[in-house]
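Novice: There's a structure below that I have some questions on.
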Amino acid sequence: MAPDVPWKQIRGIGNILRHEYHRIADVIWVVVTEHITPLGVAVAAIKRHIGDEPQA
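What follows is the structure, encoded as structure tokens:
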């Protein structure tokens, strides 16, 4: 679901936060200014999809 979201890069931010301290400010700035809106749209779509599934 939401193939246009760079899920692998989102998971990879943990490595940057743990090991590449000098890049943290730049990475967070890019996430906030470029990726928050598309990510929010994707998460909302996933939530709608999950809400549409019948409960077991």
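Per my numbering, the very first residue in the sequence shown carries number 7; after that it's consecutive.
C-beta atoms are modelled at their ideal positions from N, C-alpha and C, and glycine is treated no differently.
Remember, it's a predicted structure, so these values are computed and weren't measured experimentally.
#1: Pick from I30, N21, T39, V49: whose alpha carbon is nearest that of P9?
#2: Pick out the complete alpha helix (DSSP H) segments inside the segment 18–49, 4 residues or longer, and give them in chain order.
#3: Is the distance from the Cβ of I22 to the Cβ of V37 below 8 Å?
#4: If you run the structure through DSSP and keep just helix, strand and coil, what is D58?
#5: Using the three-state DSSP reduction, which class does A51 fall into: helix, strand or coil?
Specialist: Short version:
#1: If we check each option's Cα against that of P9, V49 comes out closest.
#2: The segment 18–49 contains these whole alpha helix (DSSP H) runs: 30–36.
#3: It is not a contact, given that the beta carbons lie outside the stated cut-off.
#4: The three-state reading of DSSP puts D58 in helix, counting H, G and I together.
#5: A51: helix per DSSP, three-state reduction.
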